[in-house]
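K.L.:
Residue 130 in the working numbering sits at position 130 of the sequence shown, with consecutive numbering throughout.
Structure provided below as structure tokens; questions to follow.
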Amino acid sequence: MSNNTKRIWNTEELTIAYYIAKWDINGLKMSREDLANFVVTNTSVRSLNMQAANFRYLLGLEGYQLEDASQAQRQLVDELDNMTVTQVRNNIFTYADSVSERTEELRVTFENKSVNQKRDEANAQLDAVHQKKVKSLSQFRNLRKL
Numbered sequence: 001m002s003n004n005t006k007r008i009w010n011t012e013e014l015t016i017a018y019y020i021a022k023w024d025i026n027g028l029k030m031s032r033e034d035l036a037n038f039v040v041t042n043t044s045v046r047s048l049n050m051q052a053a054n055f056r057y058l059l060g061l062e063g064y065q066l067e068d069a070s071q072a073q074r075q076l077v078d079e080l081d082n083m084t085v086t087q088v089r090n091n092i093f094t095y096a097d098s099v100s101e102r103t104e105e106l107r108v109t110f111e112n113k114s115v116n117q118k119r120d121e122a123n124a125q126l127d128a129v130h131q132k133k134v135k136s137l138s139q140f141r142n143l144r145k146l
């Protein structure tokens, strides 16, 4: 996704931000990082937090300035206004379950990327040690002039 392209959040993803704004992360059994990386996807924790901040403003919670709430966010606040925390949480769990196959693929890719990065770092360290050893040993060669 281009940095100039604004990401369109679907209703289920916005519901996650709404939940965080109203009740924080408690009860979701996932970290913000997991939500951003594996459930919402193609976003960052910062973006998720910004969406939640917009909902805090729309909900009338103090200390938050509205920067860019969408019509979809305004409609969602009206729709979810009479729902309990359990009902909203269940909607989020239903969505998370519906994307669970994609979530598992993303987790594997994410973990593989992490493992590959650690492997590459270890190989770079081993190579540096090897090069240092070769350099150290090579200084003792060619001591005699022919």
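Every residue, glycine too, gets a C-beta built ideally from N, C-alpha and C.
Quick caveat: nothing in here was measured; it's all calculated off a predicted structure.
Give the DSSP-derived three-state secondary structure of residue 32 in the structure shown.
P.N.:
Three-state DSSP puts residue 32 in a helix.
K.L.:
For the alpha helix (DSSP H) that residue 26 lies in, which residues bound it at each end?
P.N.:
Segment: none, residue 26 is in no alpha helix (DSSP H) and carries neither H nor E.
K.L.:
In the DSSP assignment, find the unbroken alpha helix (DSSP H) run with residue 94 in it and report its ends.
P.N.:
Residue 94 -> alpha helix (DSSP H) spans 85 to 98.
K.L.:
Can you tell me whether residue 13 is buried or exposed, with buried defined as 16 or more other CB within 10 angstroms of its CB?
P.N.:
Answer is buried; the Cβ neighbour count reaches 16.
K.L.:
Pull up the CB-CB distance for residue 147 and residue 55, whole angstroms please, since I reckon it's below 8 Å.
P.N.:
This structure gives no information on residue 147, because the portion of the chain shown stretches from 1 to 146.
K.L.:
Whole angstroms is fine: what's the gap from residue 139's alpha carbon to residue 133's?
P.N.:
Each residue's alpha carbon lies about 10 Å from the other.
K.L.:
Can you tell me the Cα-Cα spacing of residue 2 and residue 137, whole angstroms?
P.N.:
Only weak support is given to the placement of residue 2: the predicted model assigns it a pLDDT of 46, under 50, and the value that follows is read from those uncertain coordinates. Approximately 50 Å between the Cα atoms of the pair.
K.L.:
Straight-line CA distance for residue 58 to residue 19?
P.N.:
Roughly 13 Å between the two C-alpha positions.
K.L.:
Where does residue 81 land, buried or exposed, given buried means 16+ other C-beta within 10 angstroms?
P.N.:
The residue in question, residue 81, is exposed, as its Cβ has fewer than 16 Cβ neighbours within 10 Å.
K.L.:
Measure the CB-CB distance between residue 11 and residue 91 and report whether it falls below 7 Å.
P.N.:
The answer is no: Cβ separation not under 7 Å.
K.L.:
Shortest alpha-carbon distance to residue 36 belongs to which of 7, 60, 23?
P.N.:
Considering only alpha carbons, the answer is 7.
K.L.:
How would you call residue 17, buried or exposed, if buried means at least 16 neighbouring beta carbons within 10 angstroms?
P.N.:
By the neighbour-count rule (16 or more Cβ atoms within 10 Å), residue 17 is buried.
K.L.:
Looking at C-alpha atoms only, which residue of 135, 98, 127, 23 is the closest neighbour of residue 61?
P.N.:
Nearest option by C-alpha distance: 23.
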